[in-house]
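Participant: One structure, pasted below without further comment.
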Amino acid sequence: MMMNQEIAEIFDRMARVLAFKGKDRFRALAYERAAGSLRGIEQDLTELAGQKKLKNIPGIGKDLSEMIEEYIRTGHITRCEREMRDVPDELLVLMDIPGLGPKTLALLNKKFHIKNIKDLERLIEKGALPEFHGFGKKKIENLRRGIGMFEANTQRRRLGVVLPMAEKLLDEARRIKLVERADLAGSVRRRTETIGDIDLLIASSNGEEALREFVKLPSIKRVRALGKTSASVITEGDLQTDVRAVSQQSYGAALQYFTGSKQHTVRLRTMARERGLKINEYGVFRGEDRIGGEDEKDVYYALGLKFMPPELREDRGEIEAAIDGHLPTLIEENDLRGDLHMHTTWSDGRASVEEMVERAAKLGREYIALTDHSQSSRIARGLDLERLELKIEEVEALRKRRGKRKPRVLMGAEVDILADGRLDYPDQILARLDVVVASIHSAFRQSKDRITGRLLDAIANPYVQIIGHPTTRLIGAREPVEFNFRQVVKATVAAGVALEVNGSPNRLDLNDVMTRAAHEAGSLLAIDSDAHSTAQLAQTSFGVSQARRAWVEARSVVNTWPWPKFSRWMRHRRRPAEEEIG
DNA sequence: GCCGTTTTCGGCCCGACTGTTTTCAGTCG
Numbered sequence: 348m349m350m351n352q353e354i355a356e357i358f359d360r361m362a363r364v365l366a367f368k369g370k371d372r373f374r375a376l377a378y379e380r381a382a383g384s385l386r387g388i389e390q391d392l393t394e395l396a397g398q399k400k401l402k403n404i405p406g407i408g409k410d411l412s413e414m415i416e417e418y419i420r421t422g423h424i425t426r427c428e429r430e431m432r433d434v435p436d437e438l439l440v441l442m443d444i445p446g447l448g449p450k451t452l453a454l455l456n457k458k459f460h461i462k463n464i465k466d467l468e469r470l471i472e473k474g475a476l477p478e479f480h481g482f483g484k485k486k487i488e489n490l491r492r493g494i495g496m497f498e499a500n501t502q503r504r505r506l507g508v509v510l511p512m513a514e515k516l517l518d519e520a521r522r523i524k525l526v527e528r529a530d531l532a533g534s535v536r537r538r539t540e541t542i543g544d545i546d547l548l549i550a551s552s553n554g555e556e557a558l559r560e561f562v563k564l565p566s567i568k569r570v571r572a573l574g575k576t577s578a579s580v581i582t583e584g585d586l587q588t589d590v591r592a593v594s595q596q597s598y599g600a601a602l603q604y605f606t607g608s609k610q611h612t613v614r615l616r617t618m619a620r621e622r623g624l625k626i627n628e629y630g631v632f633r634g635e636d637r638i639g640g641e642d643e644k645d646v647y648y649a650l651g652l653k654f655m656p657p658e659l660r661e662d663r664g665e666i667e668a669a670i671d672g673h674l675p676t677l678i679e680e681n682d683l684r685g686d687l688h689m690h691t692t693w694s695d696g697r698a699s700v701e702e703m704v705e706r707a708a709k710l711g712r713e714y715i716a717l718t719d720h721s722q723s724s725r726i727a728r729g730l731d732l733e734r735l736e737l738k739i740e741e742v743e744a745l746r747k748r749r750g751k752r753k754p755r756v757l758m759g760a761e762v763d764i765l766a767d768g769r770l771d772y773p774d775q776i777l778a779r780l781d782v783v784v785a786s787i788h789s790a791f792r793q794s795k796d797r798i799t800g801r802l803l804d805a806i807a808n809p810y811v812q813i814i815g816h817p818t819t820r821l822i823g824a825r826e827p828v829e830f831n832f833r834q835v836v837k838a839t840v841a842a843g844v845a846l847e848v849n850g851s852p853n854r855l856d857l858n859d860v861m862t863r864a865a866h867e868a869g870s871l872l873a874i875d876s877d878a879h880s881t882a883q884l885a886q887t888s889f890g891v892s893q894a895r896r897a898w899v900e901a902r903s904v905v906n907t908w909p910w911p912k913f914s915r916w917m918r919h920r921r922r923p924a925e926e927e928i929g
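Read in order, the letters of the first sequence correspond to residues 348 to 929 in the working numbering.
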């Protein structure tokens, strides 16, 4: 996993260096595609290399596979390093400035010896950047603005932050009279874990006028570009939003194009070309004849493919699967019957047991587990044995009060996996809990072997049903812990333990790529909210999105199971263990 | 640099917007 990331970054950097140097742009594209491929697979590159299977990875051929082998052996790729040596990172990163691409950067570097952001600012602020052929006042002004945006906000934002803003904007757009239809597209629609910008598509018989209305919406702060069919704006909260307007008859083709991913769409268009068709955002064409485009499905059907949900469109094998007729039937939000990880005021939650149960009932949950923290999580007010007793009493009283009303309320705990691999409650206490989620909350920096050992120990405990947020990463804030993922997955498969897909938008842990690998290896999954308030109970939807991105079908997710099946699984490892003790 | 029910060489998705170009280059998605 780490290795894939590292090599992907080198390849990405190579692509930019080649673009900067003005070399063959298709060579740069090849590196880009390879980087994307590596990010999309979880398989161990060392193992693939050992089996001489690197070339099976799409976009990896003779040269790149040799480079990967070299990296595995030595931690270096000589050819890349030689190519990249004379282009320092601080220069390359300037390509992240909106509107500043490789050509302009190369020019500024050659003509004015710009090497980093400081040089560039100095040049512009002093008004020392003269106008010259092909470089006028407006370009300079745009560059100045681009630098401002670059410095204000370079990082991508979490889906959980962006999605509500995007939906608000969509709402406003739909209220414009000239707007006949509107939908979110792009990475928001594909539900990637972080978002660079919002893409919005509208249908209108007068797109130009509709766009003019759109950019006047109150939540639009600034207009970057405005044309007949598209506009680019900065919204409140400094999110870039790209809007595209098409006619109804092109809406489906436009939605497909605008949803991407780029690589997925390129594949479709290449397939079309091979079949004598042309796909663009206006439709599917055979020669001059439009043969489809009003519905998104038209694009796929024209190529003899089944329709693919947006979450699959990453060029991670979905096109091949569609050709073979092996597309998965993805889990849907409605499939969830239970939620097995949440907190109350007993530990660090903001809502009481009662409030959480009531809200869960409104969400239609059939069963839920109240899983407050265990004693070692002091900051989270984890429950010592005494308070745990009190909570058990409260939950039992609540169960009596509620009788047969749904949801069934299960007594649970999120139990720390301690630094030495022991769990934070003794077995006789765990035996009294219906649901045990075991999670790492400390000693993140231990060696790979020790973390692996801790997880394996937790999985071996017969009272544990779920490993909570397995990597402990916080998006944009904390790196995942390192452990032998395949070994851990193997153990969960053997033990019938579920790996969590934590729905908190700060976590999304496991992520899409790892979830897919776990799922394909046969591991059970649990999609939980990890809610710390009533509102957060709905965050399971983010977990479901990630699971869909991971090709997950409902049958592998334990909390989609009807109660009888779920409750059997919940207890399936306990009986023999209890007999042993008893 | 990759890739092949046309191809082992010659392709590689397709179009919009901006600026300053009098016919297009650069950037973006």
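Even for Gly, the Cβ is constructed at its ideal location relative to N, Cα and C.
For the pair the stretch 666-679 and the stretch 707-716, tell me if three or more CB-CB distances fall below 8 angstroms.
Facilitator: no
Participant: Leaving out five residues before and five after Leu821 in sequence, what residues of the same chain have Cβ atoms less than 6 angstroms from its Cβ?
Facilitator: Once the five neighbours on either side are set aside, the close Cβ partners of Leu821 are Asn853.
Participant: Do Asp662 and Ser608 have their CB atoms nearer than 8 angstroms?
Facilitator: yes
Participant: Does the distance from the CB of Met512 to the CB of Leu564 come in under 8 angstroms?
Facilitator: no
Participant: With a Cβ-Cβ cutoff of 8 angstroms, do Glu761 and His688 count as a contact?
Facilitator: yes
Participant: Between which two residues does the beta strand (DSSP E) harbouring Val364 extend?
Facilitator: Where Val364 is concerned, there is no enclosing beta strand (DSSP E), although the alpha helix (DSSP H) it sits in stretches over 349-367.
Participant: So, under 8 angstroms CB-CB, Val646 and Leu683 are touching, yes? Tell me the CB distance rounded to an integer number of Å.
Facilitator: Val646 to Leu683, Cβ: 30 angstroms. No contact.
Participant: Would you kindly work out how many angstroms separate the C-alpha atoms of Gln390 and Arg492, rounded to a whole number?
Facilitator: 42 angstroms
Participant: On the premise that Ala698 lies in contact with Ser551, defined as a C-beta separation below 8 angstroms, what is that separation, rounded to the nearest angstrom?
Facilitator: Ser551 to Ala698, Cβ: 44 angstroms. No contact.
Participant: Is it true that the stretch 722-730 meets the stretch 909-924, where meeting means three or more beta-carbon pairs spaced less than 8 angstroms apart?
Facilitator: Touching, no.
Participant: Kindly indicate the opening and closing residues of the alpha helix (DSSP H) around Val742.
Facilitator: 732-749
Participant: Just the C-alpha distance for Gly664 and Ile388, rounded to the nearest angstrom, thanks.
Facilitator: 10 angstroms
Participant: Taking DSSP's pairing of strands, which residues face Asp544 in a bridge?
Facilitator: BP columns for Asp544 are empty, so no partner.
Participant: Taking all protein chains shown into account, do 16 or more other C-beta atoms lie within 10 angstroms of the C-beta of Leu857, making it buried, or fewer, making it exposed?
Facilitator: buried
Participant: Quick one: residues in its chain with C-beta nearer than 7 angstroms to the C-beta of Asp530, no 5 flanking neighbours on either side, listed in chain order?
Facilitator: Leu548, Leu602
Participant: Is His816 buried or exposed, if buried means 16 or more other CB atoms sit within 10 Å of its CB?
Facilitator: buried
Participant: Residues bridged to Gln587 by DSSP?
Facilitator: Ile581
Participant: Among residues of its own chain, excluding the 5 on either side of Glu741, which ones have a beta-carbon nearer than 7 angstroms to its beta-carbon?
Facilitator: Sequence-distant partners of Glu741 (beyond 5 residues in either direction) whose C-beta falls short of 7 angstroms from its own C-beta, in its chain, are Val700.
Participant: Can you tell me whether DSSP reads His690 as helix, strand or coil?
Facilitator: In the structure shown, the three-state DSSP call for His690 is coil.
Participant: Please classify Pro405 as buried or exposed, where buried requires at least 16 neighbouring CB atoms within 10 angstroms.
Facilitator: buried
Participant: Just how far apart, CA to CA, sit Ala882 and Asp686?
Facilitator: Straight across, the Cα-Cα distance linking Ala882 with Asp686 is about 14 angstroms.
Participant: Should Ser597 and Glu628 be called a contact, given that it needs their Cβ atoms to be closer than 8 angstroms?
Facilitator: yes
Participant: Assuming Leu872 contacts Ala845 under a Cβ cut-off of 8 angstroms, what Cβ separation, rounded to an integer in Å, is found between them?
Facilitator: 6 angstroms
Participant: Excluding the 5 residues preceding and the 5 following Arg633 in the sequence, name in chain order all residues of the same chain whose CB lies nearer than 6 angstroms to its CB.
Facilitator: Leu624
Participant: Considering only C-alpha positions, which residue in the set Leu650, Ala600, Gly639, Glu641 is nearest to Arg620?
Facilitator: Leu650
Participant: Determine the direct distance from the alpha carbon of Leu558 to that of Ala592, and round the result to whole angstroms.
Facilitator: 7 angstroms
Participant: DSSP beta-bridge partners for Met758?
Facilitator: DSSP output for Met758 lists Leu717 as bridge partner(s).
Participant: Between the alpha carbons of Asp763 and Val811, how many angstroms are there, rounded?
Facilitator: Near 11 angstroms, if we compare the C-alpha coordinates of Val811 and Asp763.
Participant: When the distance is taken between beta carbons, is Ile424 closer than 8 angstroms to Leu401?
Facilitator: The answer is no: Cβ separation not under 8 angstroms.
Participant: So Arg537 and Arg660 are supposed to be a Cβ contact under 8 angstroms. How far apart are they, rounded?
Facilitator: Yes, they are in contact, since the Cβ atoms of Arg537 and Arg660 sit about 6 angstroms apart, within 8 angstroms.
Participant: In the stretch 498-523, which residue ranges form an unbroken alpha helix (DSSP H) of at least 4 residues, counting only runs that do not cross its ends?
Facilitator: 506-521
Participant: Should the stretch 784-799 be regarded as contacting the stretch 742-757, the criterion being three or more beta carbon pairs within less than 8 angstroms?
Facilitator: no
Participant: With DSSP run on the structure shown, which of helix, strand or coil describes Asp781?
Facilitator: coil
Participant: Taking only three categories from DSSP, how would you classify Glu927?
Facilitator: At Glu927, the pLDDT of 47 sits below 50, so the modelled position is not reliable and the matter cannot be decided from this model.
Participant: Please list the terminal residues of the continuous alpha helix (DSSP H) segment that includes Met803.
Facilitator: Note on residue identity: the sequence assigns Leu, not Met, to residue 803. 795-807 is the span of the alpha helix (DSSP H), which, as asked, contains Leu803.
Participant: For Ala572, which option in Lys485, Leu395, Ser786 has the closest C-alpha, if you only look at C-alpha atoms?
Facilitator: Lys485
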